[in-house]
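At position 55 of the sequence shown the residue is numbered 54 (numbering that gives the first Met the number 0), and the sequence of numbers has no breaks. From the three backbone atoms N, C-alpha and C, an ideal C-beta is built for every residue, glycine too. All values reported here derive from a predicted model rather than from experimental measurement. Accompanying notes for the structure given below.
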Amino acid sequence: MVSILNSIKQMLGVGVEDTNFDQELVIHINGALMILNQLGIGPPKGIVITGADETWTELIGDRTDLELIKSDVYLRVRLIFDPPQNSFLVSAIQKQIEEYDWRIEVQHKPGAMEPLEPGSEMED
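Right under this line is the structure:
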């Protein structure tokens, strides 16, 4: 079982053994998890981490089709904890988060998006 906190720390380039930023990261991760809960991910009352004990399995169970959630949480935390100095990169990350949220919602709630009709504008 993979710790939510430790995996986000690794993606941010913070050593797992380095606990100097844990309190700040926990706050940001919990904010991201709250947003995911609003998208319908996780237990009905949500999930709150307090340290390295909480795992991704507690959030998504054994659903491998929702792995994108890890990237979504990472990008949200990165924008707050270690934002890029370049505004174009910030904008690109924000757009990526929007796309991830859309994909997570569609994957989590199959049928929420109507399939494209033949001849629609999105079809080539």
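C-beta contact flag for residue i and residue j at 7 angstroms
i	j	result
Ile7	Tyr99	no
Ala51	Leu4	yes
Ser2	Thr54	yes
Gln106	Asp71	no
Beta-carbon contacts of residue i that lie in its chain and below 6 angstroms, excluding the five residues immediately before and after
i	result
Glu104	Leu38
Leu32	Ile46
Selection from the options that minimises the alpha carbon distance to residue i
i	options	result
Asp61	Gly41, Ala31, Val13 and Trp101	Gly41
Glu23	Lys69, Gln9 and Phe80	Phe80
Asn36	Thr18, Leu58 and Met0	Leu58
Arg102	Leu88, Ser90, Val89 and Lys69	Lys69
Close-in-space but distant-in-sequence residues of the same chain around residue i (CB under 8 angstroms, 5 per side omitted)
i	result
Glu113	Because the pLDDT of Glu113 is 48, which lies under 50, any placement of that residue in the model is unreliable, and the number read from its coordinates should be weighed accordingly. So no residue of the chain qualifies.
Lys108	Gly39
Val13	Phe20 and Leu24
Residues near residue i by beta carbon distance below 7 angstroms, same chain, minus five either side
i	result
Gln95	Leu74
Leu67	Tyr99, Arg102 and Ile103
Residue i: CB within 6 angstroms of a non-hydrogen atom of the ligand GDP
i	result
Ile59	In terms of ligand content, the structure shown is empty, and the ligand GDP therefore cannot be addressed.
Interface flag, residue i vs chain C, CB-CB below 7 angstroms
i	result
Gly14	In summary, chain C is missing from the structure at hand, where a single protein chain is found.
Worksheet item: Just checking, does the stretch 21–34 make contact with the stretch 73–90 on the three C-beta pairs under 8 angstroms criterion?
Response: yes
Discussion item. With three or more beta-carbon pairs closer than 8 angstroms as the criterion, would you say the stretch 80–92 touches the stretch 46–54?
Written reply: no
Practice prompt. Could you tell me which uninterrupted beta strand (DSSP E) segments, each at least 3 residues in length, are contained entirely in the stretch 66–90, listed from first to last along the chain?
Written response: If only uninterrupted beta strand (DSSP E) runs of at least 3 residues are considered, none is enclosed by the stretch 66–90.
Item to complete: Within the stretch 20–51, note down every full alpha helix (DSSP H) run reaching 4 residues or more, in order along the chain.
Response: 21–37
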